[in-house]
Amino acid sequence: MKFKPKWSPPIIRIGAFAAVTAVVLLFGLSVHPIAGNNDIATASISTPKKLISLTFDTALGEDYTGSILDILDEEGVKATFFILGAWADEHPAEVSEIARRGHELANHGYTHKNMASMKMEDARIEMKDCSEAIKRLSGQEAKLFRAPYGYYTGELAAAAREMGLLPVAWSIDALDWKEKGENFVLDNVISQAGSGDIILFQTCTEDGARALQGIIKRLKANGYILVKLSALIEAQYAR
Ligand SMILES: [Zn+2]
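Using the numbering used here, the first residue of the sequence shown is number 1, and each one after it goes up by one.
Here is the structure:
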């Protein structure tokens with residue numbers, strides 16, 4: 001009589017996950033970060049404290065940065081903005097304003113092309129030009145890097161580290177870009193949020209901007225403290 005297990009024991013599933021990760025690392029394929037995969041880029045933090053970080057990728061097109069900044073001020077929350085160099089060219093005043101209001105500015109490359117498939121020398125130029133734009137417009141020294149689309153190779157992550165930029169991803173995508181409405185965004189984030197999560201929003205979506213205040217209020221009501229991403233990452237080491 002044959003016994004067919006309906007599910008794989010956890011140890012086998014972990015083994016399979018490790019094997020896939022090893023293949024990805026060996027062959028340097030682009031990998032879209034997923035929750036809990038911190039091998040290449042920091043996607044979440046392990047902390048017993050109820051800390052969460054809200055992060056915003058600046059994106060070309062419609063722009064809701066002004067209302068996002070007002071909501072963050074109203075709620076007394078500091079966040080991290082990943083600045084795209086091409087966006088900074090179009091929105092120099094906003095780059096300065098994000099810094100003036102006490103938020104953290106981080107590197108998101110320059111053109112928003114897939115940097116994992118670029119020549120590394122071109123990827124380095126993207127990172128360098130972006131950091132220079134941030135410095136020029138805000139006075140801040142970028143310490144964190146998030147690759148466009150979260151597409152990383154080990155090589156790209158290493159190049160970022162060599163330039164003094166910690167490669168990061170996210171653990172919860174707000175999915176504000178799906179155009180499914182602000183309530184969808186709110187439910188999506190609140191149903192998943194937990195200690196150490198890095199939440200990803202885009203600055204170009206109305207749904208994200210409209211859902212933001214409700215998300216912040218719910219997270220606060222659930223006992224979470226919202227901090228800049230660098231502060232969240234530091235919390236991992238402060239025991
Ligand atoms: Zn982006």
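Note that the Cβ used here is the ideal one computed from N, Cα and C, for glycine as well.
#1: Identify every run of the beta strand (DSSP E) within the segment 131-163, keeping only runs that are complete inside it and at least 3 residues long; order them along the chain.
#2: Does the beta-carbon of N188 have 16 or more other beta-carbons within 10 angstroms, so that it is buried, or is it exposed?
#3: May I ask which residues mark the beginning and end of the alpha helix (DSSP H) holding T80?
#4: Please classify P167: does DSSP put it in a helix, a strand, or coil?
#5: Taking 6 Å as the limit, name every residue whose beta carbon sits nearer than that to some heavy atom of ligand 1, in sequence order.
#6: Mark N107 as exposed unless 16 or more other C-beta atoms lie within 10 angstroms of its C-beta, in which case mark it buried.
#7: Measuring only the C-alpha atoms, how far is F82 from N222?
#8: In angstroms with no decimal places, state the Cα-to-Cα distance between D89 and D129.
#9: Specify the secondary structure class of A221 as computed by DSSP and reduced to three states.
#10: So what does DSSP say about T42, is it helix, strand or coil?
#11: Determine the direct distance from the alpha carbon of L69 to that of D63, and round the result to whole angstroms.
#12: Could you give the first and the last residue of the continuous beta strand (DSSP E) run that contains D176?
#13: Have a look at the DSSP bridge pairing and note the partners of D57.
#14: With a cut-off of 8 Å, does the C-beta of E132 fall near any C-beta of chain B?
#15: Please check the pair D57 and L200, which I expect to be a contact at CB under 8 Å, by giving their CB distance rounded to whole angstroms.
#16: For L226, write down the residues that DSSP places opposite it in a beta bridge.
#17: Could you please give the first and the last residue of the uninterrupted alpha helix (DSSP H) stretch that includes A106?
#18: So I225 and K50 are supposed to be a Cβ contact under 8 Å. How far apart are they, rounded?
#19: Answer yes if the segment 139-149 comes into contact with the segment 172-186, meaning at least three C-beta pairs across the two stretches below 8 Å, and no otherwise.
#20: Under three-state DSSP, which class holds D242?
#21: Name the one or two DSSP bridge partners that D197 has.
With the given structure in hand:
#1: none
#2: buried
#3: First-last for T80: 80-83, but that is the beta strand (DSSP E), not the alpha helix (DSSP H).
#4: In the structure shown, P167 falls within a strand segment according to DSSP collapsed to helix, strand and coil.
#5: D57, A59, H108, H112, P148
#6: buried
#7: Computed Cα separation, rounded: 26 Å.
#8: So the alpha carbons of these two residues sit roughly 11 Å apart.
#9: helix
#10: strand
#11: The alpha-carbon separation between D63 and L69 amounts to approximately 12 Å.
#12: Note, D176: premise wrong, no beta strand (DSSP E); not H, not E.
#13: F82, Q202
#14: Of the protein chains in this structure there is only one, and it is not chain B.
#15: The C-beta separation of D57 from L200 comes to about 7 Å, placing the pair in contact by the 8 Å criterion.
#16: I52
#17: Careful: A106 lies outside any alpha helix (DSSP H), inside the beta strand (DSSP E) at 104-107.
#18: 6 Å
#19: no
#20: Any property of residue 242 remains undetermined from this structure, which presents the chain solely from 1 to 239.
#21: D197 is bridged to S44.
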